[in-house]
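Undergrad: Chains as they are written, first to last, in our numbering: chain W, 1 to 310; chain F, 311 to 403. Built from N, CA and C at the ideal position, the CB exists for glycine as well. Pasting a structure here, questions to come.
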């Protein structure tokens, strides 16, 4: 076990066990701010933990951040770890974050696809999906970002179980997705939902399952552009901002489309950087710069959410 | 642990709908075992694809025959993975 959260190397990639152990040390170091909540089990019966940053209160308005729903996108997981540490260390030292946490909670799901993440460490570094078995095929896994009940099985998701974008047999068939859905529904007061992916430098908002603008399109675009500008201010990393459909492609069954359609107006997805053309294999020495710039983008969104209650 | 010896990642420029259709058709050919890191979606947006050594010649030939520009984004995926593993071992030590 890590003896202190301070001795943990935030600039390295880690196994799931190491990450889960580190969560305990973070919790132990900041007991009045950080707690670890189990939101369920994975298909292969691993725990799914979310870190809760809270200064008290009951069911406060909250911001949700998840990362690593696609297993091979290691830099998103590493960025979330850095972000958790940042939130813990900044509380009480940064006026803006302290003010926010005095009224709101932050939930951080560092590994949204634990089975897949373990599989990338042990068997296949290029694995993207969950590890659930399909009764009708020998191919394993479902793309957990095509499995949400938002235009499920529509354009931009595959019906082929062997495809990396297979949508699964039915919406929320993946227990990892269902765990998040149940948590979000039961909480009922999440105001912003942010999913972190990698790579290709995009800041996206709904919709992906259809190519029409949301009713909040203008506001989301403006928030996204401000966040991308804040992010770029550190190292000059350029982000494209837009709806999923406009910026990349039509993709149905995605997380932020579901959250938006379920009343969470401030729903965004980041595709983190790879300015060095490494794709999913971003070298570890780029974790901290990536996390630092991402933090500025996240902070920009979180501050906006705080200032615009609904 | 699955090895990716000789796998390359190509970055392919998509100039028009014809290019897009060619890439989509390649995407559907399962025997090529292509892994699209950024799938073909629209013109003007580059496509990144990991290509196993057995399919490299076919893909490069197909791109060249259709006047599609590409560059090798990663020369050997396994070399980067080896480096990544080494760094993780070092970190654990």
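1) Give the interface partners of residue 351(F) over in chain W, defined as CB-CB distance under 7 Å, in chain order.
2) How long is the line joining the alpha carbons of residue 56(W) and residue 103(W), rounded to whole angstroms?
3) Which same chain residues end up closer than 8 Å to residue 36(W) when comparing Cβ atoms and leaving out the 5 residues on each side of it in sequence?
4) With a CB to CB cut of under 7 Å and the five nearest residues on each side skipped, what residues in its chain are close to residue 240(W)?
5) Residue 345(F) bridges to which residues according to DSSP?
6) Check whether the Cβ atoms of residue 305(W) and residue 192(W) sit closer than 8 Å, and answer yes or no.
7) Would you please verify whether the beta carbon of residue 334(F) is less than 8 Å from any beta carbon of chain W?
8) So with CB distances below 8 Å, who are the chain F contacts of residue 281(W)?
9) Taking beta-carbon pairs under 8 Å, can you tell me which members of the stretch 112 to 138 of chain W lie near chain F?
10) Can you name the residues of chain F whose CB is closer than 7 Å to the CB of residue 200(W)?
11) Mind listing the chain F neighbours of residue 277(W)? Cutoff is C-beta to C-beta under 8 Å, in chain order.
12) With 8 Å set as the bound, which would you pick, yes or no: does the beta-carbon of residue 297(F) sit closer than that to a beta-carbon of chain W?
13) What are the residues that DSSP puts in a beta bridge with residue 269(W)?
14) Counting only Cβ pairs nearer than 9 Å, list the residues of chain W close to residue 331(F).
15) For the alpha helix (DSSP H) holding residue 148(W), just list the boundary residues, first then last.
16) Would you mind telling me which residues of chain F sit closer than 9 Å to residue 211(W), beta carbon to beta carbon, in chain order?
17) Pick out the complete alpha helix (DSSP H) segments inside the stretch 109 to 170 of chain W, 4 residues or longer, and give them in chain order.
TA: The structure says:
1) Within chain W, the residues near residue 351(F) are 248, 249.
2) Rounded to the nearest angstrom, the two C-alpha atoms are 9 Å apart.
3) Answer for residue 36(W): 23, 24, 27, 49, 50, 51, 52, listed in chain order.
4) Excluding sequence neighbours, residue 240(W) sits near 201, 202, 247.
5) DSSP output for residue 345(F) lists 360(F) as bridge partner(s).
6) Going by C-beta atoms, residue 305(W) is nearer than 8 Å to residue 192(W).
7) Residue contact check for residue 334(F) against chain W: no CB pair falls below 8 Å.
8) The answer, in chain order, is 384, 387, 390, 391, 394.
9) Using a CB distance below 8 Å, the part of the stretch 112 to 138 of chain W facing chain F consists of 122, 123, 124, 125, 126, ordered along the chain.
10) Neighbours of residue 200(W) on chain F, chain order: 348.
11) Among the residues of chain F, those whose CB is under 8 Å from the CB of residue 277(W) are 321, 383, 384, following chain order.
12) A question about residue 297(F) goes unanswered here, because the residues of chain F that appear run from 311 up to 403.
13) Residue 269(W) pairs with 195(W), 204(W).
14) The premise fails here: residue 331(F) is roughly 15 Å from chain W at the closest Cβ pair, so nothing lies under 9 Å.
15) Unbroken run through residue 148(W): none, as it is neither H nor E.
16) Contacts between residue 211(W) and chain F, judged by CB atoms closer than 9 Å, are missing: the closest CB pair is about 11 Å apart.
17) As summarised for the stretch 109 to 170 of chain W, the continuous alpha helix (DSSP H) elements at least 4 residues long and confined to that stretch are 114 to 122, given in chain order.
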